[in-house]
Amino acid sequence: MKNTLFILIFFICACTASVKQEDLIGRWNYVSYAYENKSLDKPLANIASQKPFIQFFEDGKCRIVSSGKTLSEGTYTLDGKIIRYMEELPDGQTRPVPFLIKSLSAEELVFQTMDAEVKIITAKKAK
124 MKNTLFILIF FICACTASVK QEDLIGRWNY VSYAYENKSL DKPLANIASQ KPFIQFFEDG
184 KCRIVSSGKT LSEGTYTLDG KIIRYMEELP DGQTRPVPFL IKSLSAEELV FQTMDAEVKI
244 ITAKKAK
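The sequence shown maps to residues 124 to 250 in the working numbering.
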């Protein structure tokens with residue numbers, strides 16, 4: 124019984140491990156993305172031509188770029204496996220935009236939006 128309980132606790136802890144900020148720092152080039160709900164019939168941008176990426180900085184700042192233009196800038200904090208991005212809007216307001224990290228390695232980041240139209244994004248770390 125004690126062994127079973129220990130194993131169960133181990134797996135629960137392993138599944139909810141936090142992400143370290145230093146593992147996220149850098150530029151992540153999008154290689155693919157898709158809607159989680161396959162029935163959504165919305166066009167996705169051409170990654171090859173637009174070259175989108177998200178970049179996380181050591182000072183807690185973040186930016187999202189596509190077609191050479193900054194689409195969004197703001198700050199972020201980590202809360203377990205959630206990136207709590209606070210987008211800075213042109214009028215001085217801010218808007219929370221959380222992302223859920225599905226997986227993270229030294230070379231690949233897979234994350235998803237946390238709104239009604241969930242989009243899963245796969246990105247490779249720039250060298």
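Backbone N, C-alpha and C define an ideal beta-carbon position, used for all residues, glycine too.
Item                                                                                                                    : Value
Secondary structure of residue 210, DSSP reduced to three states                                                        : strand
Cα-Cα separation, residue 220 to residue 214                                                                            : 17 Å
Buried or exposed (CB count within 10 angstroms, at least 16 for buried), residue 244                                   : buried
Close-in-space but distant-in-sequence residues of the same chain around residue 150 (CB under 6 Å, 5 per side omitted) : 176, 178 and 249
Nearest candidate by alpha-carbon position, reference residue 141, set 239, 217 and 206                                 : 206
Per-residue DSSP class, three states only, for residue 146                                                              : helix
Expected contact under 8 Å - CB spacing of residue 153 and residue 239 to nearest Å                                     : Between residue 239 and residue 153 the Cβ distance is about 21 Å, and since that is not below 8 Å, they are no contact.
Closest residue to residue 266 among 212, 208 and 168 (Cα-Cα distance)                                                  : Nothing about residue 266 can be reported from this structure: the residues present for the chain run from 124 to 250 only.
Straight-line gap, residue 187 to residue 210 (C-alpha atoms, nearest Å)                                                : 10 Å
Selection from 169, 197 and 225 that minimises the alpha carbon distance to residue 212                                 : 197
Other residues of its chain near residue 156: CB distance less than 6 Å, five sequence neighbours each side excluded    : 242 and 244
Contact belief for residue 173 with residue 190 at Cβ below 8 Å, rounded distance in angstroms                          : 5 Å
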